[in-house]
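Numbering (the working numbering), first residue to last: 855 to 1036. From the three backbone atoms N, C-alpha and C, an ideal C-beta is built for every residue, glycine too. Shown next, in structure tokens, is the structure this report addresses.
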């Protein structure tokens, strides 16, 4: 698939609406057939994703072309294991901003996979027309995630309140300089 982003260790394929439905249904066999990735047993959505699955599925059904700007699997190239998810909250908004999110299954945390995925998604997004800013919002108590965005070249741009998370730090990268804002 042309929309798969590849790094040295990872593949980041977009998830289809059918794959998300299989995840909702707990249909591991169908999910693996649709994605080509191996999922852990018992089958569970990537961290922080379970509640959003129906929304993701419905959005992809309404607009399948949004898939590259939506949720992607993080898959290890060497084993084919699905180790997490990452992606954007949609196409660039009217100001050219996209928001990035990511999560890795606990057994695969602290191996640099999230940083590698974020760097790859950031590089991909910076090559897309209309992108002026890539953002990530991180709770100040989430030290591992703060390290990920810092290592990926984002710079702290402020704070905001997010309904389901409370106060979060806003981190950004802009294509004009290739670096974030101070």
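Residue range of the alpha helix (DSSP H) that includes residue i
i: residue 976; result: 967 to 980
i: residue 1003; result: 997 to 1005
i: residue 911; result: 907 to 916
Reduced DSSP secondary structure (H/G/I, E/B, other) of residue i
i: residue 945; result: coil
i: residue 855; result: Caution applies to residue 855, whose pLDDT of 44 falls short of 50 and renders its modelled position unreliable; the value that the coordinates give is listed next. It is coil, neither helix nor strand.
i: residue 1024; result: strand
i: residue 986; result: coil
i: residue 1019; result: coil
Local Cβ density within 10 Å of residue i, reported as buried at 16 or more and exposed below that
i: residue 867; result: buried
i: residue 970; result: buried
i: residue 911; result: buried
i: residue 889; result: buried
i: residue 995; result: exposed
i: residue 1002; result: buried
i: residue 988; result: buried
i: residue 913; result: buried
i: residue 981; result: exposed
i: residue 961; result: exposed
Chain D contact for residue i (CB, 8 Å cutoff)
i: residue 964; result: Here there is only one protein chain, and chain D is not present.
Residue span of the beta strand (DSSP E) that contains residue i, given as start and end
i: residue 951; result: 951 to 958
i: residue 904; result: Looking at the DSSP string, residue 904 is not in any beta strand (DSSP E), and its letter there is neither H nor E.
i: residue 1012; result: 1009 to 1016
i: residue 928; result: 925 to 930
When the options are compared against residue i, the one with the closest alpha-carbon
i: residue 905; options: 870, 874, 1004, 999; result: 874
i: residue 862; options: 871, 947, 930; result: 930
i: residue 1013; options: 981, 991, 1005; result: 991
i: residue 918; options: 872, 972, 859; result: 872
i: residue 900; options: 920, 928, 1007, 916; result: 928
i: residue 973; options: 983, 857, 957, 1005; result: 1005
i: residue 865; options: 938, 920, 907; result: 938
i: residue 896; options: 1021, 980, 982, 959; result: 959
i: residue 1019; options: 1010, 993, 1009; result: 993
i: residue 1016; options: 947, 916, 953, 979; result: 953
task: May I have a chain-ordered list of the alpha helix (DSSP H) segments no shorter than 4 residues that lie completely inside the stretch 858 to 901?
output: Entirely contained in the stretch 858 to 901, the alpha helix (DSSP H) runs reaching 4 residues are, in chain order, 871 to 879, 882 to 889.
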